[in-house]
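Chemist: Under the working numbering, the first residue of the sequence shown is numbered 25, with each subsequent residue one higher.
Beta carbons: idealized from backbone N, C-alpha and C, even for Gly.
These numbers come from a predicted model, not from an experiment.
Before anything else, here's the structure in question.
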Amino acid sequence: MTKHFLNPVTDVKVSKLILKHYFENLTDALISDVIIVGGGPSGLTAARELGNSGYKVVIMERKLSPGGGTWGGSMSFNKVVIQKDLKDYLNELELPFIEDEDALVVDSCLFASQLISKALKTQNVKLFNLMTVVDLEYTNNAITGVVVNNTGIEIAGLHVDPMVFQTKAVLDSTGHDAIAANIYSRRVQLPLRKEHFMNAVQGEEDTVNNTKMLANGLFVSGMAANNVDGGSRMGPIFGGMIKSGLKAAKLIMEYIKTV
């Protein structure tokens, strides 16, 4: 039989290398500058911006695939729309687009994968998928970490204790679920207005305007921000998500300087 590999890798070595490098990354992620809960478009944009600015960023993604709601486009028609205002930013991402009717049309799968790639190629950014945030750490009147369990354990409802990851700031970019914001609101009885009806023009403005610091060390972006402040939903248009992520990164950097 012809051999095609000069350096074969055994089954055990595969397992050993995966465990070694995964847990090196996981151990290093226990203390960071920023934890981003949810690897959707606003979170990935913020992660890239923060990472490029020298901050140590950890993304906790509940699902198997990061990218949020971008992959399927609209009704599985895999195109999304972005405002012409973001043309220079898409070029920066090396993301091809078609200009049509004063808007930019982008392949949704390429959009998601390029956001992921650009964020994770940043040296300071690490992403862990299948990780569900179940609680927040609160110290000295500020959010200082997240409590995380494996998504499979959470789905199965098993009684297995989670782990704590400490940080200087937490960004909730979990979309319609607003997971971290809801956890916080249950503890301090903060009213959440929930997202409003569909309106693309208003929703895109709301997404950016509602991006803010919700509490000391806790920030919201994207649809999570609209869930907090009652902003409109907007469907498969993503300029607001990009601008929200950029704004969140700026707010977080300003906050960390004061901590």
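1. For my contact list, alanine 248 and alanine 202 are in at a C-beta cut-off of 8 Å; report their separation, rounded to the angstrom.
2. Please confirm whether aspartate 196 and phenylalanine 135 have their CB atoms less than 8 Å apart.
3. Identify every residue that forms a DSSP beta bridge with serine 98.
4. Take lysine 80 and list the residues in its own chain whose beta-carbon comes closer than 6 Å to its own, dropping the five residues that flank it on each side.
5. Among the candidates Ile83, Gln138, Ala224 and Asp124, whose CA atom is the shortest distance from the CA of valine 157?
6. Going by DSSP, what residues sit across from glutamate 123 in a beta bridge?
7. Just to confirm the assignment: which complete alpha helix (DSSP H) runs, minimum length 4, are found wholly within the stretch 103–187?
8. Alpha carbons only, please: which of Cys133, Asn164 and Ile106 is nearest the one belonging to arginine 122?
9. Give me, in chain order, the residues of the same chain whose beta-carbon lies closer than 8 Å to that of proline 215; leave out the 5 immediate sequence neighbours on both sides.
10. Please return the same chain residues whose Cβ sits closer than 6 Å to the Cβ of isoleucine 177, not counting the five positions on each side in sequence.
11. In terms of residues, what are the limits of the beta strand (DSSP E) holding lysine 236?
12. Could you pull out every residue in the same chain whose Cβ sits closer than 8 Å to the Cβ of methionine 277, ignoring the five residues on either side in sequence?
13. Counting pairs of beta carbons, one from the stretch 90–97 and one from the stretch 109–118, are three or more of them closer than 8 Å?
14. Under 6 Å Cβ to Cβ from serine 66, same chain only, skipping five residues before and after it: list those, please.
15. Below 8 Å CB to CB, which residues in the same chain sit around isoleucine 280 once its five sequence neighbours on both sides are set aside?
16. Helix, strand or coil for glutamate 85? Go by DSSP, reduced to three states.
17. List the whole-angstrom C-beta distance separating leucine 275 from lysine 236, where the pair is believed to meet the contact cut-off of C-beta under 8 Å.
18. List in chain order: all unbroken alpha helix (DSSP H) runs of 4+ residues lying wholly within the stretch 37–92.
19. Use the C-beta contact count for arginine 72: other C-beta atoms within 10 angstroms, 16 or more gives buried, fewer gives exposed.
20. What does the alpha-carbon distance come out to for the pair methionine 187 and valine 129?
21. When we look at the beta-carbon of alanine 273 and count the other beta-carbons within 10 Å, is it buried (16 or more) or exposed?
22. List the residues that DSSP assigns as beta-bridge partners of isoleucine 203.
23. Going by the beta-carbon positions, is the gap between isoleucine 167 and glycine 64 smaller than 8 Å?
24. Taking the straight line between their C-alpha atoms, what separation do you get for valine 212 and asparagine 165?
25. Going by beta carbon distance, what residues of the same chain come within less than 8 Å of leucine 50, once the five residues before and after it are set aside?
Modeler: Taking the geometry as given:
1. For this step, residue 248 is matched to residue 224 along the sequence shown. For this step, residue 202 is matched to residue 178 along the sequence shown. That belief holds up - the Cβ atoms of alanine 248 and alanine 202 are roughly 4 Å apart, short of 8 Å.
2. For the purposes of this step, residue 196 is taken as the residue at position 172 of the sequence shown. For the purposes of this step, residue 135 is taken as the residue at position 111 of the sequence shown. No. Outside cutoff.
3. For this step, residue 98 is matched to residue 74 along the sequence shown. In DSSP, serine 98 forms a bridge with Phe101.
4. The count along the sequence shown starts at 1 and reaches residue 80 at position 56. Here the set comprises Ser56, Asp57 and Asn148.
5. Here residue 157 refers to the residue found at position 133 of the sequence shown. Each of Ile83, Gln138, Ala224 and Asp124 was checked against the Cα of valine 157, and the nearest Cα belongs to Ile83.
6. Stepping through the sequence shown from its first residue, residue 123 is reached at position 99. Glutamate 123 pairs with Leu128.
7. Taking only runs of at least 4 residues, the alpha helix (DSSP H) segments lying wholly in the stretch 103–187 are 111–116, 132–144 and 175–180.
8. For the purposes of this step, residue 122 is taken as residue 98 along the sequence shown, with counting starting at 1. For the record, residue 122 in the displayed sequence is isoleucine; it is not arginine. Of all alpha-carbon atoms in Cys133, Asn164 and Ile106, the one lying nearest the alpha-carbon of isoleucine 122 is that of Ile106.
9. Position 191 of the sequence shown holds residue 215. Taken in chain order, the residues that qualify are Ser209.
10. Position 153 of the sequence shown, counted from the first residue, corresponds to residue 177. Answer for isoleucine 177: Val184, listed in chain order.
11. In the sequence shown, residue 236 corresponds to position 212, counting from 1. Note, lysine 236: beta strand (DSSP E), 236–239.
12. Your numbering for residue 277 matches position 253 in the sequence shown. Leu74, Ser77 and Tyr79.
13. As far as the Cβ criterion goes, the stretch 90–97 does not touch the stretch 109–118, which means the pair count is below three.
14. As a working note, residue 66 is residue 42 in the sequence shown. Answer for serine 66: Ser197, Ser245, Gly246, Met265, Ser268 and Gly269, listed in chain order.
15. One-based indexing of the sequence shown puts residue 280 at position 256. Result list for isoleucine 280: Asp57, Val58, Tyr79, Lys192 and Ala193, in chain order.
16. Counted from its first residue, the sequence shown places residue 85 at position 61. Residue state, collapsed to three classes: strand.
17. Within the sequence shown, numbered from 1, the residue matching residue 275 stands at position 251. Within the sequence shown, numbered from 1, the residue matching residue 236 stands at position 212. The beta-carbon distance between leucine 275 and lysine 236, rounded to whole angstroms, is 7 Å. This is short enough to meet the 8 Å contact definition.
18. As far as the stretch 37–92 is concerned, its whole alpha helix (DSSP H) runs of at least 4 residues are 65–76.
19. Residue 72 sits at position 48 when you count from the first residue of the sequence shown. Here arginine 72 is buried, its C-beta having at least 16 other C-beta atoms within 10 Å.
20. Numbered from 1 along the sequence shown, position 163 holds the residue referred to as residue 187. Numbered from 1 along the sequence shown, position 105 holds the residue referred to as residue 129. Between the C-alpha atoms of methionine 187 and valine 129 there is a straight-line separation of about 41 Å.
21. On the sequence shown, position 249 is the one that residue 273 refers to. Counting Cβ neighbours within 10 Å, alanine 273 comes out buried, since at least 16 surround it.
22. Stepping through the sequence shown from its first residue, residue 203 is reached at position 179. Paired residues: none, contrary to the question.
23. For the purposes of this step, residue 167 is taken as the residue at position 143 of the sequence shown. For the purposes of this step, residue 64 is taken as the residue at position 40 of the sequence shown. At least 8 Å separates the beta-carbon of isoleucine 167 from that of glycine 64.
24. Here residue 212 is taken as the residue at index 188 of the sequence shown, counted from 1. Here residue 165 is taken as the residue at index 141 of the sequence shown, counted from 1. Distance between the alpha carbons of valine 212 and asparagine 165: 12 Å.
25. Here the question's residue 50 lines up with position 26 in the sequence shown. These residues qualify, in order along the chain: Phe152.
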